[in-house]
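Peer 1: First the structure, then my questions, so here it is.
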Amino acid sequence: MERFKADFKEHHGDPSLIQEICCDMSAAFIKGVEKHLPE
Numbered sequence: 003m004e005r006f007k008a009d010f011k012e013h014h015g016d017p018s019l020i021q022e023i024c025c026d027m028s029a030a031f032i033k034g035v036e037k038h039l040p041e
């Protein structure tokens, strides 16, 4: 998620505008979402 967030910003995205995440992933992935995309 850290790399995704950095790449998203490099492409002029604003991670603070992400309101929902839908995923079927591991607990580690979910923890990364919570850490790097808390909104």
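In the working numbering, each residue's number is its place in the sequence shown (first place is 1) plus 2.
In this text, a Cβ means the ideal position worked out from N, Cα and C, and glycines have one as well.
Which of the three DSSP states, helix, strand or coil, is assigned to L39?
Peer 2: L39: coil per DSSP, three-state reduction.
Peer 1: Over what stretch of residues does the alpha helix (DSSP H) that includes E4 continue unbroken?
Peer 2: 4-12 is the span of the alpha helix (DSSP H), which, as asked, contains E4.
Peer 1: Less than 8 Å between the CB atoms is what I'm expecting for E36 and Q21, so what's the real figure, rounded?
Peer 2: Their Cβ separation, rounded to whole angstroms, is 14 Å, which puts E36 and Q21 out of contact at 8 Å.
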